[in-house]
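One structure below.
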Amino acid sequence: MPDPSGSITDKVAKESDHSGASDHPIHEQKAHANDHQSKGPAIAEDIGKPASKEELKKRSEELNK
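Taking the UniProt record's numbering, the leading residue of the sequence shown gets 1, the next gets one more, and so forth.
Next up, the structure:
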């Protein structure tokens, strides 16, 4: 049969001096729609020309010596 005064965890959390819950006013603020907006993906302006397969192969062979 359930405890009429509430669950034991509610009672312990309410009475505990060692609670990890913060009572700072900043934690009472609610999130706004602006808080969830992002700037979007980062797009590089100049990443250079793509190298040819031959150049890439030559470079990988040189690096793997």
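We put the CB at the ideal spot given by N, CA and C, even for glycine.
Quick check on DSSP: helix, strand or coil for residue i?
i	result
residue 35	helix
residue 45	coil
residue 30	coil
residue 60	helix
residue 65	coil
residue 25	helix
The alpha helix (DSSP H) with residue i in it runs from where to where?
i	result
residue 7	No alpha helix (DSSP H) contains residue 7, which DSSP labels as neither H nor E.
To the nearest angstrom, how far is the alpha carbon of residue i from that of residue j?
i	j	result
residue 65	residue 27	57 Å
residue 35	residue 7	34 Å
residue 55	residue 49	12 Å
Looking only at its chain, what residues have a beta carbon closer than 8 Å to the beta carbon of residue i, apart from the 5 residues adjacent to it on each side?
i	result
residue 59	51
Please return the same chain residues whose Cβ sits closer than 6 Å to the Cβ of residue i, not counting the five positions on each side in sequence.
i	result
residue 37	none
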